[in-house]
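Student:
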Amino acid sequence: MQQEILINWSPQETRVAIVENGAVQELHVERTLERGLVGNVYLGKVARVLPGMQSAFIDIGLERAAFLHVADVWHRQPDGEPPALARNGQPPVPIERQVFEGQALMVQVIKDPIGTKGARLSTQISIAGRLLVFLPQDDHIGVSQKIATAQRDALRQRLQALAGADGGGFILRTNGEDATDAELAEDIAYLRKTWARIRTASTTLPPGSLLHQDLSLLQRVLRDLVTEQTQNIRIDSHEQFAILQAFGREFMPAAVGRLQHYKGERPIFDLFNIDEEITKALGRRVDLKSGGYLIVDQTEALTTVDVNTGGFVGARNFDDTIFKTNLEAAQAIARQLRLRNLGGIIIVDFIDMAREDHRDAVLAEFRKQLGRDRVKTMAGGFSQLGLVEMTRKRTRESLAHMLCEPCAACQGKGSLKTARTVAYDILREILREARQFNPREYRVVAAPQVVELFLDEESQHLAGLSDFIGKPISLQAETAIGQEQYDIVLL
Numbered sequence: 001m002q003q004e005i006l007i008n009w010s011p012q013e014t015r016v017a018i019v020e021n022g023a024v025q026e027l028h029v030e031r032t033l034e035r036g037l038v039g040n041v042y043l044g045k046v047a048r049v050l051p052g053m054q055s056a057f058i059d060i061g062l063e064r065a066a067f068l069h070v071a072d073v074w075h076r077q078p079d080g081e082p083p084a085l086a087r088n089g090q091p092p093v094p095i096e097r098q099v100f101e102g103q104a105l106m107v108q109v110i111k112d113p114i115g116t117k118g119a120r121l122s123t124q125i126s127i128a129g130r131l132l133v134f135l136p137q138d139d140h141i142g143v144s145q146k147i148a149t150a151q152r153d154a155l156r157q158r159l160q161a162l163a164g165a166d167g168g169g170f171i172l173r174t175n176g177e178d179a180t181d182a183e184l185a186e187d188i189a190y191l192r193k194t195w196a197r198i199r200t201a202s203t204t205l206p207p208g209s210l211l212h213q214d215l216s217l218l219q220r221v222l223r224d225l226v227t228e229q230t231q232n233i234r235i236d237s238h239e240q241f242a243i244l245q246a247f248g249r250e251f252m253p254a255a256v257g258r259l260q261h262y263k264g265e266r267p268i269f270d271l272f273n274i275d276e277e278i279t280k281a282l283g284r285r286v287d288l289k290s291g292g293y294l295i296v297d298q299t300e301a302l303t304t305v306d307v308n309t310g311g312f313v314g315a316r317n318f319d320d321t322i323f324k325t326n327l328e329a330a331q332a333i334a335r336q337l338r339l340r341n342l343g344g345i346i347i348v349d350f351i352d353m354a355r356e357d358h359r360d361a362v363l364a365e366f367r368k369q370l371g372r373d374r375v376k377t378m379a380g381g382f383s384q385l386g387l388v389e390m391t392r393k394r395t396r397e398s399l400a401h402m403l404c405e406p407c408a409a410c411q412g413k414g415s416l417k418t419a420r421t422v423a424y425d426i427l428r429e430i431l432r433e434a435r436q437f438n439p440r441e442y443r444v445v446a447a448p449q450v451v452e453l454f455l456d457e458e459s460q461h462l463a464g465l466s467d468f469i470g471k472p473i474s475l476q477a478e479t480a481i482g483q484e485q486y487d488i489v490l491l
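Position one of the sequence shown corresponds to residue 1 (full-length UniProt numbering), numbered consecutively onward.
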């Protein structure tokens, strides 16, 4: 399998595409202005301690002071238990005995500023790696609760052996469940280097300084996205290429040799029509090569995928037509989940198949394609209604949520009232107004298509209402408003 990673960089946005055998499999987008603060480590300065609220305000160099509650102040358990924050909501030591005004304090953002509220902080530092989370102040070795209980003890022992006696605790993340010892050791080395750099910065920089920022998408390419199948990583910015090289030499030396600076005249994303793929990934319909198609609908609760034969009539009989369409759909759906980064509950409605061996083959192909996903997935069998229920772990906002917003015209409904429906709403509203007010005239301000309907097919109904209320009704077309919008002006 030929895999390469293409990086399109600009000061305002970084876009990354993972291409396998010429087809785009994943898209990642990060915008400079939308990067949050969660995970950032600062050397803060205690500005004010509030014993009554058991909290303190910390200056970390932002516009507003950040907030530290006593429950987020890390302390070591005296009885040898794993170090922790305040337990059961009861702090063992009041905050005024732990911090004081003017004190320099290493803190990490655990919640971004919202509205008028500053960021929320913790004094327990955690550094996320690809497979592990490093807790430099702890000695505890933990395993994600999402990993099966039967496997946790063995994984904990492996991690304990790899971590050695150099200090610090580790938590194995869910996606590290199947990692090799070499992969875990590489992550441990990266995390220890990162912590050493943070400690050095904390002794040389003044309070209010940023000590560590969670990796940018550009850096996460080397940490999270490069695999053994990756042939090369091409980036179209010479400056960022040099930065990425330096980062890779220090933390990911195995990936540096695959870095390339793209100098072509064509935009890098044009090499594989990636912008066109992004446009398609924002639409509902996905055409299949056979002539069939998918309909993908994303809602708050779940995502549904409907498979249709469309114009595919190439097989010898109807059963084979359905079978081949479903097989192709199984591959396309798995790719669309990665491309669109769809997470949560997903319901797939394959075309009904009469033969059990066809159903088994389609399900096996679907699970095989899902197995290529770097994000954890779980798919069940066919239900009594012929549906396949599955889940895919949410890792970040879906592509549609990141790049789009609800339609101003339909308010996210995905449909509009017809011009006739709006016209009848206007007639009822005028009648309602006539019972309360006594103006000289009613003027309807509406979209051109609604006004045109009143002047043509609905002119009789408008004239009849005018006669009934005994007032003239005038019309004004406004091109700047949507079809559902209107205003009734009392003159």
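For every residue, glycine included, the Cβ atom is placed at its ideal position computed from N, Cα and C.
So, helix, strand or coil for W74, using DSSP?
Tutor: Coil at W74, not helix or strand.
Student: Tell me, please, which residues DSSP counts as bridged to Y486.
Tutor: Bridge partners of Y486: A446.
Student: Which word fits Y297, buried or exposed, when buried means at least 16 other C-beta atoms lie within 10 angstroms of its C-beta?
Tutor: The question names Tyr, yet the displayed sequence has Asp at residue 297. When all chains shown are included, D297 counts as exposed.
Student: For the beta strand (DSSP E) that contains I141, what are its first and last residues?
Tutor: Residues 141-143.
Student: Mind checking who L50 pairs with in its DSSP beta bridge?
Tutor: BP columns for L50 point to S55.
Student: Consult DSSP for G371 and reduce its assignment to one of helix, strand or coil.
Tutor: In the structure shown, G371 sits in coil (DSSP, three-state: anything other than H, G, I, E or B).
Student: Thinking C-beta only, is D270 closer than 8 angstroms to T304?
Tutor: Not closer than 8 angstroms, so no.
Student: Please determine if the stretch 449-463 and the stretch 395-414 are in contact, where contact requires at least 3 C-beta pairs separated by less than 8 angstroms.
Tutor: With a cut-off of 8 angstroms, the stretch 395-414 and the stretch 449-463 do not count as touching, because too few Cβ pairs lie within range.
Student: Could you tell me whether the stretch 325-332 touches the stretch 274-282, using the rule of 3 or more Cβ pairs below 8 angstroms?
Tutor: Touching, no, given that fewer than three Cβ pairs across the two stretches are closer than 8 angstroms.
Student: If we count the other Cβ atoms within 10 Å of its Cβ and call it buried at 16 or more, is N8 buried or exposed?
Tutor: So N8 counts as buried.
Student: Using the rule of at least 16 other Cβ atoms within 10 Å of the residue's Cβ for burial, across every protein chain shown, is G380 buried or exposed?
Tutor: Answer is exposed; the Cβ neighbour count stays below 16.
Student: If you follow the beta strand (DSSP E) that F272 is part of, which residue opens it and which one closes it?
Tutor: Per DSSP, F272 belongs to no beta strand (DSSP E) and is neither H nor E.
Student: So what's T227 in DSSP terms, helix, strand or just coil?
Tutor: Correct three-state label for T227: coil.
Student: Mind reading off the beta-carbon distance from L462 to I473? Whole number of angstroms is fine, and I expect it under 8 angstroms.
Tutor: Yes, they are in contact, since the Cβ atoms of L462 and I473 sit about 6 angstroms apart, within 8 angstroms.
Student: Classify H212: buried if its beta carbon has 16 or more other beta carbons within 10 angstroms, exposed otherwise.
Tutor: The residue is buried, with at least 16 neighbouring Cβ atoms inside 10 Å.
Student: Quick one, are the C-beta atoms of R284 and G344 less than 8 angstroms apart?
Tutor: No, the Cβ-Cβ distance between R284 and G344 is not below 8 angstroms.
Student: Output yes or no for whether 8 angstroms exceeds the beta carbon distance between G310 and G292.
Tutor: In contact: G310 and G292 (Cβ atoms closer than 8 angstroms).
Student: Return the chain-ordered list of same chain residues with a C-beta closer than 8 angstroms to the C-beta of K289, the five sequence neighbours on each side being excluded.
Tutor: Cβ within range, chain order: E328.
Student: Measure the CB-CB distance between I141 and R156 and report whether it falls below 8 angstroms.
Tutor: Result yes, Cβ atoms of I141 and R156 sit closer than 8 angstroms.
Student: Between which two residues does the alpha helix (DSSP H) carrying M402 extend?
Tutor: Unbroken alpha helix (DSSP H) run through M402: 399-403.
Student: Excluding sequence positions up to five away, which residues of its chain have a Cβ less than 7 angstroms from the Cβ of T174?
Tutor: Once the five neighbours on either side are set aside, the close Cβ partners of T174 are S144, K146, I147, K376.
Student: Exposed or buried, R87, counting other C-beta atoms within 10 Å across all chains shown (16 or more means buried)?
Tutor: With a pLDDT of 49 at R87, under the threshold of 50, the modelled position of that residue is not reliable, and no figure is offered here.
Student: Please give me, in chain order, every unbroken run of the alpha helix (DSSP H) with length at least 4 that falls completely inside the stretch 148-180.
Tutor: You should have 149-163.
Student: Grab the span of the alpha helix (DSSP H) containing F134 for me, first residue to last.
Tutor: First-last for F134: 132-135, but that is the beta strand (DSSP E), not the alpha helix (DSSP H).
Student: Can G44 and I60 be called in contact, C-beta distance under 8 angstroms?
Tutor: In contact: G44 and I60 (Cβ atoms closer than 8 angstroms).
Student: Our contact map puts L339 next to V24 with C-beta atoms below 8 angstroms; I'd like the distance itself, whole angstroms only.
Tutor: Rounded, the Cβ-Cβ distance is 7 angstroms, consistent with contact.
Student: Return the residue from the list V93, Q3, R120 that minimises the CA-CA distance to I58.
Tutor: Taking only the C-alpha atoms, the option nearest I58 is R120.
Student: Tell whether a beta-carbon distance below 8 angstroms holds between I198 and V41.
Tutor: Cβ distance < 8 angstroms, so I198 and V41 count as in contact.
Student: Report yes if the C-beta distance between G169 and D138 is below 8 angstroms; otherwise report no.
Tutor: Contact: yes.
Student: Give me the residue from S398, P267, L218 with the minimum Cα distance to G248.
Tutor: Ranking S398, P267, L218 by Cα distance to G248 puts L218 first.
Student: Among residues of its own chain, excluding the 5 on either side of R420, which ones have a beta-carbon nearer than 7 angstroms to its beta-carbon?
Tutor: Excluding sequence neighbours, R420 sits near L453.
Student: Can you tell me which of V19, G118, E356, D72 puts its alpha carbon nearest to the alpha carbon of R64?
Tutor: Comparing Cα positions, the closest option is G118.
Student: State buried or exposed for S459, treating a residue as buried only when at least 16 other CB atoms are found within 10 Å of its CB.
Tutor: S459 should be labelled exposed.
Student: Going by the CB atoms, is the gap between D166 and R192 shorter than 8 angstroms?
Tutor: In contact: R192 and D166 (Cβ atoms closer than 8 angstroms).
Student: Determine the DSSP secondary structure at Q103, reduced to helix, strand or coil.
Tutor: Here Q103 sits in coil by DSSP.
Student: Going by alpha carbons, who is nearest to I481 out of V444, D467, L455, S202?
Tutor: For the residues V444, D467, L455, S202, the minimum Cα distance to I481 belongs to V444.
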